[in-house]
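There are 8 protein chains.
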Amino acid sequence: MTRERVQALLREVASGAVSVEDALVRLAAEPIEVLAHSTVDHHRAVRQGYPEVVYGEGKTPEQVVDVCASIAARAGRFLVTRSTDDQRAAVASRFPEARPNSLARTIRLGGLPAPGDAAERRVLVITAGTSDLPVAEEAVETLAALCIGSDRLTDVGVAGIHRLLSRAEALLAAKAVIVVAGMDGALPSVVGGLVRGPVIAVPTSVGYGASFGGLAALLTMLNSCAAGVTVCNIDNGFGAAMSAARALGT
Amino acid sequence: MTRERVQALLREVASGAVSVEDALVRLAAEPIEVLAHSTVDHHRAVRQGYPEVVYGEGKTPEQVVDVCASIAARAGRFLVTRSTDDQRAAVASRFPEARPNSLARTIRLGGLPAPGDAAERRVLVITAGTSDLPVAEEAVETLAALCIGSDRLTDVGVAGIHRLLSRAEALLAAKAVIVVAGMDGALPSVVGGLVRGPVIAVPTSVGYGASFGGLAALLTMLNSCAAGVTVCNIDNGFGAAMSAARALGT
Amino acid sequence: MTRERVQALLREVASGAVSVEDALVRLAAEPIEVLAHSTVDHHRAVRQGYPEVVYGEGKTPEQVVDVCASIAARAGRFLVTRSTDDQRAAVASRFPEARPNSLARTIRLGGLPAPGDAAERRVLVITAGTSDLPVAEEAVETLAALCIGSDRLTDVGVAGIHRLLSRAEALLAAKAVIVVAGMDGALPSVVGGLVRGPVIAVPTSVGYGASFGGLAALLTMLNSCAAGVTVCNIDNGFGAAMSAARALGT
Amino acid sequence: MTRERVQALLREVASGAVSVEDALVRLAAEPIEVLAHSTVDHHRAVRQGYPEVVYGEGKTPEQVVDVCASIAARAGRFLVTRSTDDQRAAVASRFPEARPNSLARTIRLGGLPAPGDAAERRVLVITAGTSDLPVAEEAVETLAALCIGSDRLTDVGVAGIHRLLSRAEALLAAKAVIVVAGMDGALPSVVGGLVRGPVIAVPTSVGYGASFGGLAALLTMLNSCAAGVTVCNIDNGFGAAMSAARALGT
Amino acid sequence: MTRERVQALLREVASGAVSVEDALVRLAAEPIEVLAHSTVDHHRAVRQGYPEVVYGEGKTPEQVVDVCASIAARAGRFLVTRSTDDQRAAVASRFPEARPNSLARTIRLGGLPAPGDAAERRVLVITAGTSDLPVAEEAVETLAALCIGSDRLTDVGVAGIHRLLSRAEALLAAKAVIVVAGMDGALPSVVGGLVRGPVIAVPTSVGYGASFGGLAALLTMLNSCAAGVTVCNIDNGFGAAMSAARALGT
Amino acid sequence: MTRERVQALLREVASGAVSVEDALVRLAAEPIEVLAHSTVDHHRAVRQGYPEVVYGEGKTPEQVVDVCASIAARAGRFLVTRSTDDQRAAVASRFPEARPNSLARTIRLGGLPAPGDAAERRVLVITAGTSDLPVAEEAVETLAALCIGSDRLTDVGVAGIHRLLSRAEALLAAKAVIVVAGMDGALPSVVGGLVRGPVIAVPTSVGYGASFGGLAALLTMLNSCAAGVTVCNIDNGFGAAMSAARALGT
Amino acid sequence: MTRERVQALLREVASGAVSVEDALVRLAAEPIEVLAHSTVDHHRAVRQGYPEVVYGEGKTPEQVVDVCASIAARAGRFLVTRSTDDQRAAVASRFPEARPNSLARTIRLGGLPAPGDAAERRVLVITAGTSDLPVAEEAVETLAALCIGSDRLTDVGVAGIHRLLSRAEALLAAKAVIVVAGMDGALPSVVGGLVRGPVIAVPTSVGYGASFGGLAALLTMLNSCAAGVTVCNIDNGFGAAMSAARALGT
Amino acid sequence: MTRERVQALLREVASGAVSVEDALVRLAAEPIEVLAHSTVDHHRAVRQGYPEVVYGEGKTPEQVVDVCASIAARAGRFLVTRSTDDQRAAVASRFPEARPNSLARTIRLGGLPAPGDAAERRVLVITAGTSDLPVAEEAVETLAALCIGSDRLTDVGVAGIHRLLSRAEALLAAKAVIVVAGMDGALPSVVGGLVRGPVIAVPTSVGYGASFGGLAALLTMLNSCAAGVTVCNIDNGFGAAMSAARALGT
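Chains as they are written, first to last, in our numbering: chain F, 1 to 250; chain C, 1001 to 1250; chain B, 2001 to 2250; chain H, 3001 to 3250; chain D, 4001 to 4250; chain P, 5001 to 5250; chain V, 6001 to 6250; chain E, 7001 to 7250.
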């Protein structure tokens, strides 16, 4: 039941054309559609502060372009994740001002012009090793799409703990921290013991053998001895950024 | 927003005391509560044909009695599953006409007076071994609570395939079949290849070692080579009965 | 022992050429072959209402065509699942009236001319996301092969619960519901709490990281808090359709 | 503190511009070395806003009392989690003003006198079923210890989705939401799609069979289709509260 | 259809009272029951050489005695496995000549009077450690029930390989070998490389931590680099003995 | 210590050149090498009845040819498993009389000229589905290499149980049975309940989704309710044949 | 073949009573038993530097005392692990000078009089939390039995990294380090990056929920990003000590 | 450095007893803060005896060359592991004296000119099968880079135990042993029972089916019945070599 239909029904009640009893039945029969006055996309932007994000996997380049165009028409911006080279090329051809990022496998229209500019509520994105960078970059791009600035701290895994500790100032200054780590996934426990704000741990599938595709790092993080560290799905930089945005109050 | 409140609002619209616009706002702001004119219990009985079932685990006998009384007052019947001896004793003391079943760990008020009476839409409950009986019994009691008759076929596991095949008539006559099996969980595949109607497989935690608490039987059933066999949680005779009831159209 | 051999044996008893005792021994020695008077394929059609379905995986195009021809000769129809492009092309070349479906990876002869036509016992096939569509499509094609109509409800995952709730009418009208979902696999729990008839949950391998190839969704569905939801193997749209057919009474 | 800053500081000491005492203070203010002169407890309170929490498991009542006394002497408050009845009795005997909570298995000194009082930054703690209450209660008590108010929304699992939707106002008003669910663990996905702020999911070990001690709910939550939902360890209400506190900025 | 009923039917055909066609229909309609002329127990003894074995778990002492009496009446012997002290006491009270074995948790009537007597086809039962003895003893008792002699080789795990190698003669003389091992489960690989006859590996749940209840030993044995080693369920000494009996041709 | 060295030592003792004490020390110091008088390959043929089998995986065609030539020179026959097309072509070019089998991925020199010839101790190799054939074929070729005849029973899975039962004669006549099955792996339980001799179960990786690469079938077989069924590694037709050969007494 | 028998045989060769050829055959037939001149226990002490350790689990107090007496008679010392209170009491009653340790669940005779005395090759035993102490204590007692001194560093988990770093001197001075940690198991990665000598990681079953009995910590340690860290079984303090002893060269 | 020592040092600077430069050196020698002025690579070489090893996976050939050049400039040597053909070619073109090893997938500059030369502290690298060679070779190359000699013992799996036992001398002479094994992973248990020094077990992913990518071998090794065997990650020859180096005291 759209807003228009509810309005029409109420007018009929006001005019006496429909009885109170009949109106009650019709309203009760469709309790949900009352929210259906807007499309899903519009509603999500209203409800959660950002239009639906386009998940590239399994779509043709044309399909991705179509969805981007539909979202851009209403919201003036979009973000595509897990995209292929072809998808990014197709989107970039239609939206020359969009910013593709092959490391992050994203392309976005709007948001921050570039990571690195000054902002009240910056997020620090830390990686344990260089192989974890694509996941971190996906987080950075998602934050940018949400107009949240970010800084990077790269290759500071716990086997060389001094690398992290020497950057204590950056750690303490961050409003929220995303920690991306594969292999033993131990870095979030150390970071979580040092900082006071939100610490969002992202296990990566980096490692071989008994890392079991990121399972080892995932379990490590869920069992973190630093209280209040929370965990995202394996390789899910996008989700970590969304979680940081929730914590910072987008 | 209860039914009464919606009714009152519509009357105010009808009388002109509230404008159409204002009523629209108030209705849109609470799209959900429109359904709240009845309690959850009442609504479930309307929506799904049976009042909420009481899950005994983790409740005191007094709490179970209270919930039973509340449901009985409105629905005239109830079913408690996973109950302790104390819980059943307490309920039986309050409701002398309720039927406790210590093997099934259930107690119910109403429904079929006893399994075994004639009925259009009987369910056949098959067990592979005698140790699977408690799960089968929970299914039988749940069916009885739903006023669905049932028959049992016990200890007909596939290692002695003739035991099952010699009962082909019972198999073919059943409107729906629940197959309860632990260990290798192979029985539903054979049954599923013989009968035409719904076959609902219930793995049990019976077995030791590499049965891993029913995981082996669960995986067997999910991979059944008999098309259209569906699977419930381990030891979940209650769920299997509910599924059979859905298929039979309660 | 074929029907002809039993007949011959009985004639020999009738004529006195074989004694009752000897006949007894020979019958007892081959209790099973009595059923062997017909081929397996014929018997399945009689027993379960549809000829054996051709599983394409691991077969050459020629083999698939041969099996299809054999089944079509007797049953006048067939269904191939998990087929390759080459297999479908080969079958379509031999059977021009067969309907290939590249999304579902099926090809079928006979059954419903097309999904969407009116029918007493339609199945509603719901998907949580667009990536779940191939599995849903396999279910739709299998239903069509079984002459069961179906409707689709696509991309109504629980993260935007209003999308599902706004379609309550379609939900409540369905005779049976197949719910296809990957990632968190949460949709069947919501659907199972809304509708009264059979709800068949199909986990998909959609998702990455800790979805572990559909394991996460599978476990979610097995633990569904909506009573009576049953579960199929991962990505098994075919099995879900067969299960729906069992419930609807083909 | 970089080499240059240490060098400069030492030069100032050498020149008399900075006294030994002052230099010592400034060196001690640096996050690392510094710690070696004070106890861990003091530093954690400074660094993370709350003194070390006492984990009761595996300690004697006397040991728990000793640790509590040590912390109370410096911080004026404490929190014990996973405590036994004996431990709580011993602590309560020593600290009559402490508040034991047998459902949450906690005892705390200080913090909020009681959940429910008005506060800027309240947390909404939602449970899918009544069996999830102990975990929710541990979260509530931990929040109270951190002087954060909380509200409860109990037994609103997705199988009766209207129960949750009818409380939309409470959902939308919360600054942060903790969602506690066992079995299918589907609730956080629905909540995460409705609210804009932090959503912290806590799987519980409630369920049997294929819930595998909470594994099913854990995987569901990690794969949540609602972006930005993060996950804690199984049954870890304490960790969820600490995470909420991080997000709210204690 | 019992043997008597088939006989009667054939006599009616012979007498002309029933036509060949009618007899055919009746036989075809009950293909299975032809085997039903004897009880399951009788048939198994005929088919597989030993009456059904009584699995004690989950039965009352009275039930166990009843089943034993029923089997003894026809077969003159029985074997009970996984029995409790009470069950064995009850059986021994009824059958004073039965031999209870508390280590193996068995009681049997008949079979070999004692392990150790001379026999053509003896089985060698090897254990890696002393904690594996109960499983080995269950195998020895089962073999005795099947009238197969056995010898023991105890505590010869691979960490002290000389212990095994010094017993090469016993190894080479055995007709079949059962190897019982927990922890690393490595012993069957060594034995399988030394002997030529059947080697049946039984993992035990002995070990702690990463043995995961015998899973480690189970996987070791399944991956044995000695070709032709086969594996039983965890702790399943009974199954190993049955397998040896199959190989030796009972 | 080779045979020659031991001989020389004993001669020195006999001649008095070495004292008994010294000889004792030298023998005790090298207990192992006593067996080293022959090469490993020779010894295995003596010890276990067949020369070492060549595992093709990870070798170059040249390496495979070299090993085959080395074994053929001494034993006059060989068997290569898990070979590539290139490996088989290379071996066939060097040994024109060798028999390659692309389905089984084997090539062998010697053994049975072809499966199907009459023999005392034939093995019955049963497959549940046609996709299990490559594993069965590997078993057949290995048996042939060991000069053991075999028969096949194909596509007799339990979902059409009559297919198996109609072949009871073949089942009962077999000296040993290898049962190859993927998906639910239920077939060995039925076969194990019918036949008396050795039943060796081989799970295959056939299936998708929750078969988890053969894990489901593996667990089913380990938990078989038919006593005395033993299990090989997934897809290990070679091992099953070696196990059958052990049971038959090569 | 015992030492005596070899000696006798050689004497017969020397005397001409046995020919060189015959002696050769007899020696070759029993290549292994040459080592059997001493008991297993004696040989292990010779081969690996310490007599067999008594594993208490599953033994009666009397059995433990007997084994201890047997070992003490030859070696003058013993170590019992995983012992019960009753076992330790029985051993202590027989050997008053033995040192029981209820935290470590050990009792030993001989070795270091007490941990803490000066020694060249001391081992540092680090624990992440206080709950890990029993495992650490088992390591300390085992080291003492091996006459290796040890020091403890307790409760220095990575969530408060300063606790560890402030003890850098102790870390750097240790000849070998055993790191005992449950929950996230992250501590060995940090330690492994700081020290140069052997680092032996021991996961403990401390933790709840997704620690899965120590699996999480085990995987963390196997995936340690600090190169050269090796791992023991869960809770296996004994094994860690033995490994340290191997590295230090007992 | 404790507060007191810092205080004392600062007083000495203030008094002129210690110069600013000297104080700086002494502060820099302290493990933590210090590091912020120099690169990680330098410190690791000082701290752990070898510069950072280059992990090739996921880097471009140019990136690998750049890192190698950077390390070579300071340390005069380097080691690259898990490298591609292209990476090794690029490095070899820039550093013609570097030694590429395609089996080990490594390239190194410096270290031992070749494995095989005489050295005090040689490591014995044992493999169970030929397929385990690449992992063993990675260990050998890593040892060479660390200037540690090594010997190989290849294809001595436990199924032919004599192959290993005949090499007892090599085993007993080794200062440390690395045992590389896939499939059943049983070899380290045998080796661990024979030798006295460090035994480092490396599971490999060699095997198929139920080896689950090396999991079976990994669990076997963790549960080794030979005390003091420690375990590395699957296929981690590099880590095993680093562990051996730690034990030998690089």
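Positions of the beta carbon are idealized from the N, C-alpha and C atoms, including for glycine.
| Check | Outcome |
| --- | --- |
| Contact set for C/L1220: own chain, Cβ-Cβ below 7 Å, skip 5 residues either direction | It should be noted that the sequence gives Thr, not Leu, for residue 1220 of chain C. Correct list, in chain order: D1184, G1185 and A1186. |
| Under the three-state DSSP convention, the category H/I3100 falls into | Per the sequence shown, residue 3100 of chain H should be read as Pro rather than Ile. H/P3100: strand per DSSP, three-state reduction. |
| Secondary structure of C/L1109, DSSP reduced to three states | strand |
| Contact set between C/N1233 and chain B, taken where Cβ atoms lie within less than 7 Å | L2222 and N2223 |
| Straight-line Cα distance separating H/L3215 from F/L222 | 12 Å |
| N-terminal and C-terminal residue of the alpha helix (DSSP H) that E/F7212 is part of | Element bounds for E/F7212: n/a, residue is neither H nor E. |
| Nearest-angstrom beta carbon gap, V/C6225 and F/A128 [assumed within contact, 8 Å] | 7 Å |
| Own chain, CB closer than 6 Å to D/V4229, minus 5 neighbours either side, in chain order | P4188, G4192, V4199 and A4201 |
| Chain-ordered chain F contacts of V/S6211 [CB-CB under 9 Å] | L219, L222 and N223 |
| Cβ pair count under 8 Å reaching 3, the stretch 2078 to 2092 of chain B against the stretch 2052 to 2061 of chain B | yes |
| Supposed close pair C/R1011, F/V180 - CB separation, criterion 8 Å | About 59 Å separates the two Cβ atoms, so there is no contact after all. |
| Sub-8 Å separation of B/E2138 and B/F2238 beta-carbons | yes |
| Residues of its chain near B/C2147, where Cβ-Cβ distance is below 6 Å and the 5 sequence neighbours each way are ignored | G2111 and L2112 |
| Closer than 8 Å to chain D by CB, C/Y1050 | no |
| Straight-line Cα distance separating D/R4122 from D/L4164 | 19 Å |
| Pick from V/A6092, V/G6182, V/S6093 and V/H6162 that is closest to V/S6131, judged by C-alpha positions | V/G6182 |
| Sheet register partners of C/L1153 (DSSP bridge) | C/I1126 |
| Distance CB(B/V2174)-CB(C/M1242) smaller than 8 Å | According to the sequence displayed, residue 2174 of chain B carries Ala and not Val. No, the pair does not count as a contact, with Cβ atoms beyond the cut-off. |
| Alpha-carbon to alpha-carbon, D/S4102 and V/N6233 | 32 Å |
| F/A244 classed as buried or exposed, judged by whether at least 16 other C-beta atoms fall within 10 angstroms | buried |
| Residues in the stretch 4175 to 4187 of chain D having any Cβ partner in chain E nearer than 9 Å | A4181, G4182, M4183, D4184, G4185, A4186 and L4187 |
| Three-way DSSP call (helix, strand, coil) for F/T60 in this model | coil |
| Proximity test, Cβ basis, 8 Å: H/Y3055 and chain C | no |
| One or two residues paired with H/F3078 in a DSSP bridge | H/L3109 |
| Contacts that P/G5214 makes with chain V (C-beta to C-beta distance below 9 Å) | Simply none; closest approach about 23 Å. |
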